[in-house]
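Numbering (the UniProt record's numbering), first residue to last: 1 to 140.
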């Protein structure tokens, strides 16, 4: 299928489209050649304190706890993505991790994660016991 010059698809090796990233660079990066990729609101170099004050305002505006650090959102995002049942390789690519080991560091287990398999095992054992009782034989 031939595509015109304006209809080319920009893709990384993993198949993820680059158009979104290019659009963000056009919107947020410095405009001059060799300019910074991340700049502050006025085009100056992005400073840690600028980001921190913006993060604190945003955190307060949505009612998040005062002790929640921005970096913890990476862990939260990885854990929530894992809750969808995504494969480890997909999670690693999504998070931009260099290895699956790095991905596992940012993914956490919760009581809910532990409860679900326990309930599934319990249901499976009860089902097996019910089948054995109804057949009158002993499971080995």
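No residue lacks a Cβ here, since even glycine has one placed at the ideal position from N, Cα and C.
**OP:** Would you please state the rounded distance, in angstroms, between the beta carbons of residue 79 and residue 100? I believe it to be under 8 Å.
**Re:** In fact, because the Cβ distance is near 15 Å, the residues do not count as touching under 8 Å.
**OP:** Could you tell me if residue 118 is buried or exposed, where buried requires 16 or more neighbouring beta carbons within 10 angstroms of its beta carbon?
**Re:** With fewer than 16 neighbouring CB atoms inside 10 Å of its own CB, residue 118 falls in the exposed class.
Original post:
Relative to the C-alpha of residue 77, which residue among 94, 53 and 132 is closest?
Top reply: Closest in alpha carbon position to residue 77, among 94, 53 and 132, is 94.
Original post:
What's the call for residue 103, buried or exposed, on a 16-neighbour Cβ count within 10 Å?
Top reply: Under the 10 Å beta carbon count, residue 103 is surrounded by 16 or more other beta carbons and is classified as buried.
Original post:
Would you report the Cα separation of residue 98 and residue 128, rounded to the nearest angstrom?
Top reply: If you draw a straight line from the Cα of residue 98 to the Cα of residue 128, it comes to about 43 Å.
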